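Trainee: Encoded as structure tokens, here's the structure I'll be asking about.
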Amino acid sequence: MTSQTAARPNNGTRGPRFYMGMLAGKALAAGLRLAHRNAGQMPGVLACAADPEFMSRLTLPAQTLMVTGSNGKTTTTNLIDDIFTATGHAPVDNRAGGNINTGIASTLLKNSKVNGKPRNQLAVMEIDERSCKLVLPQITPNYLLCTNLYRDQFVRSAHVGYVFDIVSRSIPKDTHLILNADDMISGRLAPGNERTYFGIAHLPMDTPAPDSVVSDLNACPQCGGRLEYDWCHMGHLGKVRCTNCGCTNPQPDFELVDADLEARSCVVRENAGGGAESTYPLVGTSMADLYNELAAITAARLMGLLPAQIACALKGARVVSSRYDETTVCGKRLVNVMAKSESGMPVSNALLTIQRQPGPKTVVVLPNDVHKEQDPTTTEFTGWIYEADYGRLADPLVKHIVIGGQRAYDFALRMYLEGVDPSIVTIVDSFDDAADAVDFSDVDSVCWARDFYCTEISQRSVERVAERIRAAQPQA
Amino acid sequence: MLIESLYPEFCTQSGDNGNMMYVKACLPDAELVETHLMDRPAFVDRRPDFMYLGNMTELEQERVIADLLPHRERLIELIEDGVPMLVTGNAAELFGSRIVDVRDGEITCLDILPFETRRDMDSRVWGMVMGKFEGFDLIGYKAQFTQAFGQNEGEAVFKCERGFGLNRQSEYEGFHRKNLILTWMLGPLLPSNPRLMRYLLDLMGAPEVPVAFLETAERAYEVRLAEFKDPRIDITD
């Protein structure tokens, strides 16, 4: 592994407040460890309370990589971490600490000696996009990788331009950026910084243009002109150019030029390195998986690992998905997909997954208003449902739709406005009633699109439908 | 019937695109013109029966202002002529005199209505809004980095029964001048308020046209209205 820079203090001045924060944080971390509890971000909370510039007074590990972005940052961070661990480097990471400022402070504190010097000289940490403005003014990572930028929860993160500005204005000028060439939004972060781009060439599963109801790249980011796509991989990611000013994607330095999903392998060409091509095992088969893996390979290569080392480390690795469960009962597939609400993109991805399930299907929609059943004095903004691709349910193979919860009529209206036939929709008042309303007689599968907070409800629902399917079988 | 959707490529923030979805569902046979940035707007040469402009990003606001400024006089003429227009979210700010950003200077706007906007990207205001409009309860949400200052008491969309108006101290929401409805409420305002959709269809000269999926929309509206009338529920910052 190579090191571009030596370990260095950030601003170096360590006064009584710093040492007070360091000692208090370490004492808390030790106490929680003795109690067999995960310290999480609490040591960082203490340290930052004692010294608001605590992180700036630490010496960073010689190689510090941070990973941010709207989608895939946890998977990418874990992949990079796993690659380095498999090659014997065991980086410090913030899987336990959390990806906001206090979580990162906690991680760095635990990796530091009392004098602020790092124990481990390699750190790979995830950082929440909006926390960049709290963390990056204090520390200068060698590398910042941004997977992509999409609109997120409107209430929390406004719009993608708002998040872009936060990240872009926060990036230290000496940090080398690792950016997605296919994302005309995040690919334009901090234009004065050195950068390396990764990107994916045209693949057979691409669409000619974005096919979602909304796109975050709705016009040329440079002049506002109309965009034309050569191809689109997912969301707004793809090869695109402005019909007005000619603005287009940058050339990727690391380019995934082929993916064999059956054989689970891909070929990455290093355009900046004489065009050398290397083959890597695929850890997942969705387009998002390809991007996350390519980003991880790019980071590992920049940080000095050889293609053979990376390929060996990735062998046998798999992306763990907590978002998709499948079981088969009496020949019918029961597919439970997480559709995390309050943001269009994750729901659109879930609906696409459901649409791609083979054969006729029944769809059960369990949105995020479960809290209203528990506490009727709460409410929420539901504008995001018009940013999600509910039109994917206007598919001849979707035979029945069951919608549960207090907002069921909002969701039904949203679906009707994109062509779903009202006669196939059943609305139930309670989430738990949804399972009894499922018609599975003429379908191959029943698919649940469930919010994060509906996980247990959806599991009960799957079990109930499974019981009903078994009960409907003719007795031997 | 001519419907003009202004800058639909931008007006998708916070689900504002749902408004034109609903108009299209109600009027499937109407001529729909989608005017993009740098296009010549249809309203320059023709008189639309309805125009819509929705919430967008701050950068997009600047681009749209630059695009619309040459047509300011025509917009005033159409407003005075009673063309039904709906403006939602921060698109409303384009019709004031200027937007003053605490960090990035000021932007000259269309100066059609008597207010100006102050913007602070570090301070977001957010909440539920409700008031009586044309005899029914109009309900919606706001989320903005801005507050507006000016005189709208005599021509507001409504006096707020919940939430705030032009700014946190104001009781009066938006502007209702002739058939222009300009409000900072954002998102799918029409699907969430089928009675407003009915009102607009009447203004467009289509009283015989039914509101699409009215029963479903009304059921959703009644659920939300009950929440807006429940004093225990409040998500205003």
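Protein chains in written order, with my numbering: chain V, 11 to 486; chain X, 59 to 295. For each residue, glycine too, the CB sits at the ideal point set by N, CA and C. This structure is a prediction, so every number in the text was calculated from the model and none was measured.
Using a Cβ-Cβ distance cut-off of 7 Å, determine whether X:G73 contacts chain V.
Mentor: Translated into the one-based positions of the second sequence, residue 73 of chain X becomes position 15. Cβ-Cβ to chain V under 7 Å: yes for X:G73.
Trainee: Could you tell me the boundaries of the alpha helix (DSSP H) in which V:V472 lies?
Mentor: Here residue 472 of chain V refers to the residue found at position 462 of the first sequence. Its alpha helix (DSSP H) spans residues T465 to A481.
Trainee: Starting from the C-beta of X:D107, find all residues in its chain whose C-beta is less than 6 Å away, skip the five residues before and the five after it, and write them out in chain order.
Mentor: As a working mapping, residue 107 of chain X is identified with position 49 in the second sequence. Hits under 6 Å: M59, L60 and M262.
Trainee: Taking any Cβ of chain X, which residues in the stretch 395-415 of chain V have a Cβ under 8 Å from it, in chain order?
Mentor: So the close ones are I395, Y396 and E397.
Trainee: Compute the Euclidean distance between the alpha carbons of V:A445 and V:R460, then round it to the nearest angstrom.
Mentor: In the first sequence, counting from the first residue as 1, residue 445 of chain V sits at position 435. In the first sequence, counting from the first residue as 1, residue 460 of chain V sits at position 450. The straight-line gap from Cα to Cα measures roughly 13 Å.
Trainee: Determine the DSSP secondary structure at X:M243, reduced to helix, strand or coil.
Mentor: Translated into positions along the second sequence, residue 243 of chain X becomes position 185. The answer is coil: DSSP assigns X:M243 none of H, G, I, E or B.
Trainee: Please classify X:E89 as buried or exposed, where buried requires at least 16 other C-beta atoms within 10 Å of its C-beta.
Mentor: By 1-based counting over the second sequence, the position of residue 89 of chain X is 31. It counts as exposed.
Trainee: Per DSSP, V:V435 forms a beta bridge with which residues?
Mentor: For this step, residue 435 of chain V is matched to residue 425 along the first sequence. V:V435 is bridged to V:I411.
Trainee: Taking V:T86 as the reference, give the member of V:V165, V:L154 and V:S178 with the closest Cα.
Mentor: On the first sequence, position 76 is the one that residue 86 of chain V refers to. The residue with the shortest Cα to Cα distance from V:T86 is V:L154.
Trainee: Would X:E62 be called buried (16 or more neighbouring beta carbons within 10 Å of its own) or exposed?
Mentor: The residue given as residue 62 of chain X occupies position 4 in the second sequence. X:E62 should be labelled buried.
Trainee: Assuming V:E265 and V:N281 form a contact by the criterion Cβ under 8 Å, report the distance between their Cβ atoms to the nearest whole angstrom.
Mentor: The count along the first sequence starts at 1 and reaches residue 265 of chain V at position 255. The count along the first sequence starts at 1 and reaches residue 281 of chain V at position 271. The pair is a contact, with the Cβ atoms about 6 Å apart (cut-off 8 Å).
Trainee: Could you give the uninterrupted runs of the beta strand (DSSP E) lying entirely in the stretch 99-145 of chain X, keeping only those of 3 residues or more?
Mentor: The qualifying runs are 108-111 and 143-145.
Trainee: Taking the Cβ atom as the reference point for each residue, do V:V373 and V:C457 lie within a distance shorter than 7 Å?
Mentor: As a first step, residue 373 of chain V must be located in the first sequence, where it is residue number 363. As a first step, residue 457 of chain V must be located in the first sequence, where it is residue number 447. Cβ atoms of V:V373 and V:C457: closer than 7 Å.
Trainee: Cβ of X:R121 within 6 Å of any heavy atom in the ligand PLP?
Mentor: This structure does not include the ligand PLP; it has no bound ligands of any sort.
Trainee: Taking X:H94 as the query, report the chain V residues whose CB atoms sit under 7 Å from its CB, ordered along the chain.
Mentor: As a working note, residue 94 of chain X is residue 36 in the second sequence. Chain V residues near X:H94: R236.
Trainee: Who are the Cβ neighbours of V:R311 in its own chain at under 8 Å, not counting the five residues just before and after it?
Mentor: Residue 311 of chain V sits at position 301 when you count from the first residue of the first sequence. Within the same chain, V:R311 has close Cβ partners F264, E280, P317 and I320.
Trainee: Could you check the C-alpha separation between V:I5 and V:V339 for me, to the nearest Å?
Mentor: In the structure as shown, chain V begins at 11 and stops at 486. Residue 5 of chain V is therefore absent and cannot be evaluated.
Trainee: Indicate whether at least one CB of chain X lies closer than 7 Å to the CB of V:V145.
Mentor: What you label residue 145 of chain V is simply residue 135 of the first sequence in a count that begins at 1. It does not: the Cβ of V:V145 has no partner Cβ on chain X nearer than 7 Å.
Trainee: Between the Cα of X:C167 and those of X:R161, X:R177 and X:S155, spot the shortest distance and give me the residue it belongs to.
Mentor: Mapped onto the second sequence, residue 167 of chain X falls at position 109. When each option's Cα is compared against that of X:C167, the closest is X:S155.
Trainee: Can you give me the C-alpha to C-alpha distance between V:L407 and X:M96, rounded to a whole angstrom?
Mentor: Mapped onto the first sequence, residue 407 of chain V falls at position 397. Mapped onto the second sequence, residue 96 of chain X falls at position 38. Taking the straight line joining both Cα atoms gives about 41 Å.
Trainee: Taking X:R121 as the query, report the chain V residues whose CB atoms sit under 7 Å from its CB, ordered along the chain.
Mentor: One-based indexing of the second sequence puts residue 121 of chain X at position 63. Chain V residues near X:R121: G234.
Trainee: Could you name the residues of the same chain whose beta carbon sits closer than 7 Å to that of V:Y426, not counting the 5 residues immediately before and after it, in chain order?
Mentor: Position 416 of the first sequence holds residue 426 of chain V. Hits under 7 Å: P432.
Trainee: Below 7 Å CB to CB, which residues in the same chain sit around V:V134 once its five sequence neighbours on both sides are set aside?
Mentor: For the purposes of this step, residue 134 of chain V is taken as the residue at position 124 of the first sequence. So the qualifying residues of the chain are L75, T87, I90, D91, F94, P101 and D103.
Trainee: Taking one C-beta from the stretch 23-36 of chain V and one from the stretch 115-126 of chain V each time, how about it: are there three or more such pairs within less than 8 Å?
Mentor: Segments in contact, yes.
Trainee: Going along the stretch 266-285 of chain X in order, which residues come within less than 7 Å of chain V, judged by CB to CB distance?
Mentor: Those would be F271, T274, A275, R277, A278, V281 and E285, in chain order.
Trainee: Does the distance from the C-beta atom of X:G147 to that of X:G112 stay below 7 Å?
Mentor: Residue mapping note: residue 147 of chain X aligns to position 89 of the second sequence, counting from 1. Residue mapping note: residue 112 of chain X aligns to position 54 of the second sequence, counting from 1. Yes, Cβ-Cβ distance for X:G147 and X:G112 is below 7 Å.
Trainee: According to a CB-to-CB cut-off of less than 8 Å, which residues of the stretch 416-446 of chain V neighbour chain X?
Mentor: Hits within the stretch, in order: Q416, R417, Y419, D420, A422, L423, R424, Y426, L427, E428 and P432.
Trainee: Residues in the same chain with beta-carbon distance under 8 Å from V:H212, minus the five sequence neighbours each way, listed in chain order, please.
Mentor: Here residue 212 of chain V refers to the residue found at position 202 of the first sequence. Closer than 8 Å at the Cβ level, and outside the excluded window around V:H212, lie D240, W241 and K249.
Trainee: Please give the ranges of any alpha helix (DSSP H) in the stretch 41-126 of chain V, keeping only runs that are unbroken, at least 4 residues long and fully inside the region.
Mentor: Fully enclosed alpha helix (DSSP H) runs of 4 or longer: 52-60, 83-96 and 111-121.
Trainee: Taking just the CA atoms, how far does V:T97 sit from V:A40?
Mentor: Taking the first residue of the first sequence as 1, we reach residue 40 of chain V at position 30. Taking the first residue of the first sequence as 1, we reach residue 97 of chain V at position 87. Computed Cα separation, rounded: 29 Å.
Trainee: Rounded to the nearest angstrom, what separates V:G393 and V:P71 at their Cα positions?
Mentor: What you label residue 393 of chain V is simply residue 383 of the first sequence in a count that begins at 1. What you label residue 71 of chain V is simply residue 61 of the first sequence in a count that begins at 1. Rounded to whole angstroms, V:G393 to V:P71 spans 43 Å at the Cα level.
Trainee: Rounded to whole angstroms, what is the Cα-Cα separation between X:A275 and V:N81?
Mentor: As a first step, residue 275 of chain X is located in the second sequence; it is residue number 217 there, counting from the start. As a first step, residue 81 of chain V is located in the first sequence; it is residue number 71 there, counting from the start. Whole-angstrom Cα-Cα distance: 33 Å.
Trainee: What does DSSP give as the partner residue(s) for V:N190 in the beta ladder?
Mentor: Looking up residue 190 of chain V in the first sequence gives position 180. Note: V:N190 sits in a beta bridge opposite V:F208.
Trainee: Apply the 10 Å Cβ neighbour rule to V:E477 and answer buried if 16 or more other Cβ atoms are within range, or exposed otherwise.
Mentor: The residue given as residue 477 of chain V occupies position 467 in the first sequence. V:E477 is exposed by the Cβ-count criterion.
Trainee: Considering only DSSP beta bridges, list what V:A375 is partnered with.
Mentor: Numbered from 1 along the first sequence, position 365 holds the residue referred to as residue 375 of chain V. At residue 375 of chain V the sequence reads Val, which differs from the Ala that was named. V:V375 is bridged to V:I413 and V:A459.
Trainee: From X:P99 to X:T93, what distance separates their C-alpha atoms?
Mentor: Residue 99 of chain X sits at position 41 when you count from the first residue of the second sequence. Residue 93 of chain X sits at position 35 when you count from the first residue of the second sequence. Spanning the two alpha carbons is a distance of roughly 6 Å.
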